[in-house]
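Asks: Numbering (our numbering), first residue to last: 4 to 420. Note that CB positions come from ideal geometry on N, CA and C, so glycine has one too.
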Amino acid sequence: MSRPNLLLAVLLVALIALDLLTLPGQGPARVIGPLLPGLDTAAAAELELRADGTAPLVLRRDGEDWVLPATLGYAARTTLAEDLLTRLASLSTLDLVTEDAARHREYGVDQGTLVTVRDAEGQVLAELLQGDLTPDGRATYGRAPSEDRTYRLPLFAPVRLDPAWWLDARLLTFEPGLVRRVELVSGERALVLERDLARVGVWRTPAGDPAAGASVDSLLEALRSTFLDEVLEDRPLETSTWSVTLELADGSQRGLRVAASPAGGPAAAGVDASVLGGTYRVLLGAPGWRRLQAASAARSSEQPAALPAQSGHVRSCCGERARTARAHRGGLGGRRGVRRVNSLVPLRPLPRAALGRARMRRCSGPLPFLPHPSADTPSWTVVGGASWSGSEGSFSIAPTRRPSGVCALPLSGSRRT
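As structure tokens, then:
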């Protein structure tokens with residue numbers, strides 16, 4: 004080894020030795036683990052949320068659900084309570100921010116929001132003091148009240164203390180497609196409709212008269228989007244002036260009863276209501292009540308919609324109610340085949356073989372349509388020759404030209420039964 008290299012090696016060893024001698028004493032390595040090790044989510048029976056200057060908000064487990072004692076034990080949003088417990092259990096000591104108690108005010112953990120979890124006997128399972136949001140808004144700061152260490156809590160949003168946030172304000176929960184029967188009572192008037200399982204979107208009265216399903220769907224959607232404003236007392240209404248009862252496919256029932264004013268108009272603050280089989284009287288806000296009134300008025304005043312006959316003509320497609328949908332490609336050689344015309348019945352295309360080289364245009368006269376076993380068969384208006392043969396029969400359409408543009412088409416055929 005040359006003399007310069009030897010001197011550099013000696014100097015390097017001396018620097019390493021000096022660095023080792025000047026290092027501060029190192030304690031044991033920091034252990035990364037749960038921030039709240041004593042939290043057992045399965046044993047949690049009560050959540051208490053408290054902040055300085057506000058009354059504590061308590062959520063209590065009731066079987067598989069959660070309730071709010073402050074609102075007479077009315078149901079809370081169970082998913083929110085379970086989600087809070089899961090997020091508390093997932094917190095770890097990975098992102099240590101400071102161990103200095105003098106910096107608690109800097110991170111908002113000198114006071115903050117105190118979250119306490121207790122078991123059924125009232126014993127504290129875990130406590131968390133939540134502070135401010137981080138500058139990037141994607142986390143908050145927090146610590147255990149018994150410790151000075153402050154941690155960054157990733158994706159842990161500020162806990163809300165508003166009781167209305169935790170209240171399960173939706174009055175009725177159901178799937179509209181599972182509703183089989185609707186009974187609507189308004190004052191002295193009553194209306195019963197049953198879903199026609201053989202036809203999509205068709206409802207019938209008990210006498211078998213058909214009724215369009217659009218307004219029924221509007222009523223069902225209005226019921227699903229009806230929320231309470233306030234829990235009034237823990238007993239249901241004794242009498243009601245308006246009610247709706249839904250029977251589902253499994254035989255269960257959902258319903259709502261309202262004690263409206265004699266004139267039928269909503270009060271300034273709303274109306275009293277109770278759900279079917281419920282044990283509470285609640286306040287239904289005026290906007291929600293007006294939506295229900297509008298939907299039920301349209302439903303109860305609607306005349307049954309007559310379905311087209313097995314053969315003949317439907318009403319004219321033209322006029323203020325006429326609309327023509329965009330053209331669909333069809334026929335041979337990729338030519339434009341047909342144009343859907345919106346009359347009084349829902350429409351869908353005929354088999355492709357029936358189109359041929361037929362063309363389609365708007366018409367100002369009656370619309371002939373193909374016979375079909377189903378009374379609510381969609382119809383097409385065709386200009387140009389076409390024929391079709393299938394399991395239900397054979398049909399042929401001969402083109403007709405009229406100077407006025409009226410497309411009344413001779414229709415002939417037979418249907419197998």
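In angstroms, rounded to a whole number, what distance separates the CA positions of S399 and V188?
Replies: Note that S399 scores 44 on pLDDT, short of 50, meaning its location in the model is unreliable and no value can be drawn from it.
Asks: Where do the N-terminal and C-terminal ends of the beta strand (DSSP E) with D122 fall, by residue?
Replies: Counting along the chain, D122 sits inside no beta strand (DSSP E), nor does DSSP assign it H or E at all.
Asks: Within the stretch 136 to 202, note down every full beta strand (DSSP E) run reaching 3 residues or more, in order along the chain.
Replies: Look at the stretch 136 to 202 and you find these whole runs of beta strand (DSSP E), each 3 residues long or longer: 142 to 146, 153 to 157, 182 to 189, 192 to 198.
Asks: On the DSSP bridge assignment, give the partners of V247 in chain order.
Replies: L187, L259
Asks: Starting from the C-beta of L21, find all residues in its chain whose C-beta is less than 8 Å away, skip the five residues before and the five after it, and write them out in chain order.
Replies: None.
Asks: When you compare each of V274, S5, D237, T44 to W245 by their alpha carbons, which one comes out closest?
Replies: V274
Asks: Let's see if you can read the secondary structure: which residues bound the beta strand (DSSP E) around S277?
Replies: 274 to 278
Asks: Spell out the partners DSSP gives S95 in its beta bridges.
Replies: Beta-bridge pairing links S95 to P37.
Asks: Throw me the rounded Cβ distance for the A243 and V219 pair, which I believe falls under 8 Å.
Replies: In the sequence as presented, Ala is not what sits at residue 243; that position holds Ser. Not really, about 21 Å apart at Cβ, beyond 8 Å.
Asks: Within 8 Å (strictly less), CB to CB, does L39 reach chain D?
Replies: The structure shown contains no chain D; it is built from a single protein chain.
Asks: Taking just the CA atoms, how far does S149 sit from A160?
Replies: 22 Å
Asks: Tell me the DSSP bridge mates of E109?
Replies: Note: E109 sits in no beta bridge, so no partner.
Asks: Can we count P161 as close to the ligand HEM, meaning its CB is less than 7 Å from some heavy atom?
Replies: In terms of ligand content, the structure shown is empty, and the ligand HEM therefore cannot be addressed.
Asks: Excluding the five sequence neighbours on either side, which residues of its own chain have a C-beta within less than 6 Å of the C-beta of L136, listed in chain order?
Replies: T143
Asks: With burial defined as no fewer than 16 other Cβ atoms inside 10 Å of the residue's Cβ, what is the status of Q313: buried or exposed?
Replies: Legend: pLDDT at Q313 = 34, less than 50; position of this residue unreliable, value from coordinates given subsequently. Q313 comes out exposed.
Asks: In three-state DSSP terms, what is R294?
Replies: helix
Asks: Quick one: give me the first and last residue of the alpha helix (DSSP H) that D232 is part of.
Replies: Where D232 is concerned, there is no enclosing alpha helix (DSSP H), although the beta strand (DSSP E) it sits in stretches over 231 to 236.
Asks: When you compare only the Cα positions, how much space is there between T82 and V127?
Replies: 22 Å
Asks: Counting only the same chain and skipping the five closest in sequence on each side, list residues whose C-beta sits under 6 Å from that of G115.
Replies: L132, Q133, G134
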